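J.: Could you have a look at this structure, given as structure tokens, before my questions?
2 protein chains.
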Amino acid sequence: MKFVTGASKQLTVWQDLAGGGLNNRPVTVHGAVHLLRDMGGVAFLTLRLARGTVQCVCPPEVLPEDLCEECCVELSGVPRAEPRAPGGVEIAAEGVTVLSRPAAPMPVPLSKRALGLHLDTELPLRPAVLRHERERAVFKIQEGLARAFREFLTGERFTEIHTPKIVHAGAEGGSNIFRLDYFGKKAYLAQSPQFYKQTMVGVYERVFEIGPVFRAEKHATPRHLNEYTGLDFEMGYLDSFYDVIEMETGYLCCAMALLEKEYSRELALLGAELPGVDKIPCLRFDDAKRLAAEKYGRPIRDPYDLEPEEELNIGRYAREEYGSDFVFVTHYPSKKRPFYAMDDPDDRKYTLSFDLLFRGMEVTTGGQRVHEYAAQVAKMEDRGMDPAEFESYLMIHRHGMPPHGGLGIGLERLTMQLCGLDNIRCASLFPRDRTRMEP
Amino acid sequence: MKFVTGASKQLTVWQDLAGGGLNNRPVTVHGAVHLLRDMGGVAFLTLRLARGTVQCVCPPEVLPEDLCEECCVELSGVPRAEPRAPGGVEIAAEGVTVLSRPAAPMPVPLSKRALGLHLDTELPLRPAVLRHERERAVFKIQEGLARAFREFLTGERFTEIHTPKIVHAGAEGGSNIFRLDYFGKKAYLAQSPQFYKQTMVGVYERVFEIGPVFRAEKHATPRHLNEYTGLDFEMGYLDSFYDVIEMETGYLCCAMALLEKEYSRELALLGAELPGVDKIPCLRFDDAKRLAAEKYGRPIRDPYDLEPEEELNIGRYAREEYGSDFVFVTHYPSKKRPFYAMDDPDDRKYTLSFDLLFRGMEVTTGGQRVHEYAAQVAKMEDRGMDPAEFESYLMIHRHGMPPHGGLGIGLERLTMQLCGLDNIRCASLFPRDRTRMEP
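Protein chains in written order, with the working numbering: chain A, 913 to 1351; chain B, 913 to 1351.
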């Protein structure tokens, strides 16, 4: 009879090796052969570990026959200080066991500093390309951003929720919604967890969700994906929508601190600089538009929305005038916000809402929501919507909701701007766009 | 000019009140009026906080006119020890401000100990019903289970990933897959993150994902949902598939410890008992089937799969013979496992795979995967599959993969069994079944 107890094997990992903490003591590591250079007498084998790489010196007698790149091996040996090796450590190999062999060589040179491929070449090769150190760094940073979101909000007593992605009605309106057949009925893929996270404010007061968001955007731009990861939260008992802004700023502080502490290797590898987050300016939509137009001499064309170039200019303005990589743009026109956005009681042409721009690109949309039943029904009717179609959503307003608001952050956009990537596809493991649903 | 700094407001929360730590000091709390009883002179107002409830005594002069249940209020007063109040504390209210009012009374009696509604009545009222203390407890426990998964695996150096849910091919085969139109092309909703998490083992060695999983199961049972939350992990450099089993056991130990420490209030409210996890038996599929059939006198009908009643009996067997609520059933027949499952080299009719049963119900499926290109292509061809259709998946085998394996846990099933619920719909905030995609 076999029983299991959950005992964990101790692994030797890159973090321990790189510090030199294991020098001169025998270790066993496993990884893929990242680079193999035969120097006649000895071979230099760069092993790719779960994180980082390590150089191993192999005398001929320990080198297995037919060893090649992307073989997975177990290697035993003794790490020692070696100033010429990357990281200052190399392993003097004493034994190498091949665990598996590839059937064909890599289609891309993984050990080169940069792959330099065109996106259309790179994306179909994603399973191979993602093994590159720069790609690995991007998605470690993405992990850190999501992790900080959860850790920060859990500390602020938010409850994590999981809400359905197959829905009977779109929350964000418009035509950018995917349809599917659900046992003979028409269903949609959720454009956001909006209705559900608001519902859960009536239950837990503060909630968050990290999950996929689907947008059937037809345009191909470097900043749109058809499926992305939403970092969403929603909170009750607001004094004003600035409470939401403060909460996001708290998250950003936490995220940058975590990245600095635990992901500095990846930041350095990408040459990514962490933005300051201690004092983020807030500009009203109309002011931001006007100030950027005046300063950079670009006339305002659409008074109700920000064009990408205007976002860039407002970002530049925040950088030059306030030294900030971030800027909150508040009070968006009602016309351009969804039916659940609360209008500003002082001027109903505007809403109590905001976007956050990061280095000139929108990475967050948020704001206060309508919480009273009569007000929500009236706003729907004003827009020609039929409240009867939203009966289960309106149940929350009917039976009582606190003043509340929240936001959605696009994880890939945040990653893209932080890592200085020029296309959002590079910030998604397996991007979905108009022409791409594979790999 | 307004700047934000991420400063957080200090809230008075139930956890602080319940311990008596704030007794005799003025506090301000906010919440919904859960129950209001007018006793002539004074009124007893039970306030529902983000977590827990607190009794407040309101003299007539502080009671707002038209106060009713589900009003959201801010209440100031002084907490004091009161042995007759639930939790041993009540607040002597000095001021009550109404922040919002409902438009209609609750359709269900939220303050009753149990709602006792039929599921078909309850599910359409979910936005109201979820405010009940028992419902809140279920999904706090669910939060704890997901949180432990991430915290444990992060500690074990797994990397969190986000993979697409719109896919070009199903990973699990069969007809239970949702189709959608993707810009004029046929696409599917992911039945699991299987291909992607395996791909990412080639990148980070150990990865996990928490995300939605879609199954177009046509049958209506108390244990199936059409959309559920998968806790998935995948790990490289296995010595055997028991490494996966040990890792899951480690997770369960961590989860139960976290629930005991931080969710004891919710466990008590539901009368849920934590299972022991220190020593979980492993039985081979054929042995488990035979032993349970012999002990409980139920003949074996399908030699290749477990019927729900057999799962119940194997669970009962593990309980009676080994005192365990969990049992790993290993070596499932190849016939019933997907093409990526690794066959047992000692007997190719069986696979190096397992299910975990918890109190007689499958909550996990896992195992070792085929990692060599030739072996994977051969297994596909044996099954009449066309390897060309899986080209981007096979790229990982072609270019080298370590021996690896992993598992998928159904979060709702785990929650259901832990909380002793009799229908999986009660373990999903907004369940999706054949007839239900709203709310």
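Cβ coordinates follow ideal geometry from the N, Cα and C atoms, glycine included. None of these values were measured; they are calculated from a predicted model.
Is the CB of Cys1331/A under 8 Å away from at least one CB in chain B?
T.: No, no contact with chain B.
J.: Using a Cβ-Cβ cut-off of 6 Å (strictly less than) and excluding sequence neighbours within five positions of Leu961/B, which residues of its own chain qualify?
T.: Result list for Leu961/B: Trp926 and Gly943, in chain order.
J.: Can you tell me whether DSSP reads Gln922/B as helix, strand or coil?
T.: Here Gln922/B sits in coil by DSSP.
J.: Taking the beta carbon of Lys1097/A as the centre, do at least 16 other beta carbons fall within 10 Å, making it buried, or is it exposed?
T.: Exposed: under 16 other Cβ atoms inside 10 Å.
J.: Tell me the DSSP secondary structure of Val1156/A in three-state form.
T.: It is helical.
J.: Just mark Thr1009/B as buried or exposed, buried being the case when its beta carbon has 16 or more other beta carbons within 10 Å.
T.: The residue is exposed, with fewer than 16 neighbouring Cβ atoms inside 10 Å.
J.: Mapping the DSSP letters down to three states, classify Leu947/B as helix, strand or coil.
T.: Looking at Leu947/B - three-state DSSP - the assignment turns out to be strand.
J.: Using a C-beta to C-beta distance shorter than 9 Å, which residues of chain B count as neighbours of Cys1194/A?
T.: Result: Met913, Lys914, Phe915 and Val916.
J.: Rounded C-beta distance between Ile1053/B and Glu1178/B? I'm assuming under 8 Å.
T.: That belief holds up - the Cβ atoms of Ile1053/B and Glu1178/B are roughly 5 Å apart, short of 8 Å.
J.: Provide the residue(s) that pair with Ser1012/A in DSSP beta bridges, ordered along the chain.
T.: Beta-bridge pairing links Ser1012/A to Cys984/A.
J.: Do Glu1072/B and Glu1421/B come within 8 Å of each other at the CB atom, strictly closer than that value?
T.: Since the first residue shown for chain B is 913 and the last is 1351, residue 1421/B is missing from the structure and cannot be characterised.
J.: How about Phe1090/B: is its C-beta nearer than 8 Å to some C-beta of chain A?
T.: Phe1090/B counts as touching chain A.
J.: How long is the line joining the alpha carbons of Ser1176/A and Cys1331/A, rounded to whole angstroms?
T.: In a straight line, the C-alpha of Ser1176/A is about 12 Å away from that of Cys1331/A.
J.: Cα separation between Pro971/B and Leu987/B?
T.: Answer to the nearest angstrom: the Cα atoms are 13 Å apart.
J.: Taking Cβ-Cβ distances below 7 Å as the criterion, which residues of the segment 968-984 of chain B are in contact with chain A?
T.: Those residues of the segment 968-984 of chain B that come within reach of chain A (Cβ to Cβ, closer than 7 Å) are Glu982, Cys983 and Cys984.
J.: Could you run through the segment 1006-1033 of chain B and flag, in chain order, every residue whose CB is less than 9 Å away from some CB of chain A?
T.: Flagged, chain order: Leu1011, Ser1012, Arg1013, Pro1014, Ala1015, Ala1016, Pro1017, Met1018 and Pro1019.
J.: Give the range of the beta strand (DSSP E) segment to which His1309/B is assigned.
T.: No beta strand (DSSP E) contains His1309/B, which is instead part of the alpha helix (DSSP H) from Glu1303 to Arg1310.
J.: Measuring straight from C-alpha to C-alpha, what distance separates Phe1251/A and Glu1301/A?
T.: Roughly 14 Å separates the two Cα atoms.
J.: Return the CA-CA distance between Glu1185/B and Pro1036/B, expressed in angstroms with no decimal places.
T.: Rounded to the nearest angstrom, the two C-alpha atoms are 29 Å apart.
J.: My assumption, with CB atoms under 8 Å, is that Leu959/B sits in contact with Val974/B. Please give the rounded CB distance.
T.: In fact, because the Cβ distance is near 13 Å, the residues do not count as touching under 8 Å.
J.: Rounded to a whole number of angstroms, what is the C-alpha to C-alpha distance between Ala1286/A and Gly1123/B?
T.: Distance between the alpha carbons of Ala1286/A and Gly1123/B is about 36 Å.
J.: CB Pro1351/B to CB Leu1137/B, shorter than 8 Å?
T.: Not in contact: Pro1351/B and Leu1137/B (Cβ atoms no closer than 8 Å).
J.: For Met1254/A versus Gly1279/A, is the C-beta distance shorter than 8 Å?
T.: A contact, by the Cβ cut-off of 8 Å.
J.: Quick one: residues in its chain with C-beta nearer than 8 Å to the C-beta of Ala1058/A, no 5 flanking neighbours on either side, listed in chain order?
T.: Result list for Ala1058/A: Ile1122, Thr1141, Leu1143 and Leu1323, in chain order.
J.: Got a sec: is the Cβ-Cβ distance from Lys1291/A to anything in chain B below 8 Å?
T.: With 8 Å as the cut-off, Lys1291/A does not count as an interface residue toward chain B.
J.: In the DSSP assignment, find the unbroken alpha helix (DSSP H) run with Val891/B in it and report its ends.
T.: Since the first residue of chain B shown is 913 and the last is 1351, residue 891/B is not available in this structure.
J.: Please list, in chain order, all residues of the same chain as Leu1392/B whose beta carbon is under 6 Å from its beta carbon, the five residues on each side excluded.
T.: Residue 1392/B lies beyond the residue range present for chain B, which begins at 913 and ends at 1351; the question has no answer from this structure.
J.: Within this structure, are the beta carbons of Thr1327/A and Val1050/A separated by less than 8 Å?
T.: Cβ atoms of Thr1327/A and Val1050/A: closer than 8 Å.
J.: Which one of Arg992/A, Arg1025/A and Arg1062/A has the shortest CA to CA distance from Ser1048/A?
T.: As written in the sequence, residue 1048/A is Arg, which differs from the Ser given in the question. When each option's Cα is compared against that of Arg1048/A, the closest is Arg1025/A.
J.: Would you please state the rounded distance, in angstroms, between the beta carbons of Ala1205/B and Pro1211/B? I believe it to be under 8 Å.
T.: Confirmed, about 6 Å.
J.: Would you please verify whether the beta carbon of Cys1338/A is less than 8 Å from any beta carbon of chain B?
T.: Taking Cβ atoms only, chain B never reaches closer than 8 Å to Cys1338/A, which makes this a no.
J.: What are the complete alpha helix (DSSP H) segments, minimum 4 residues, inside the segment 1123-1183 of chain A?
T.: Here the runs fully enclosed are 1154-1174 and 1176-1182.
J.: Count the other C-beta atoms from every protein chain shown that fall within 10 angstroms of the C-beta of Gln922/A, then say buried if there are 16 or more, exposed otherwise.
T.: With fewer than 16 Cβ atoms within 10 Å of its Cβ, Gln922/A is classed as exposed.
J.: Mind listing the chain B neighbours of Leu987/A? Cutoff is C-beta to C-beta under 7 Å, in chain order.
T.: In chain order: nothing, as chain B lies at least about 12 Å away.
J.: Three Cβ pairs or more, each shorter than 8 Å: is that satisfied between the segment 1195-1204 of chain A and the segment 1218-1228 of chain A?
T.: Touching, per the Cβ criterion.
J.: With burial defined as no fewer than 16 other Cβ atoms inside 10 Å of the residue's Cβ, what is the status of Met1352/A: buried or exposed?
T.: Beyond the ends of chain A as shown, which are 913 and 1351, falls residue 1352/A; an answer cannot be given.
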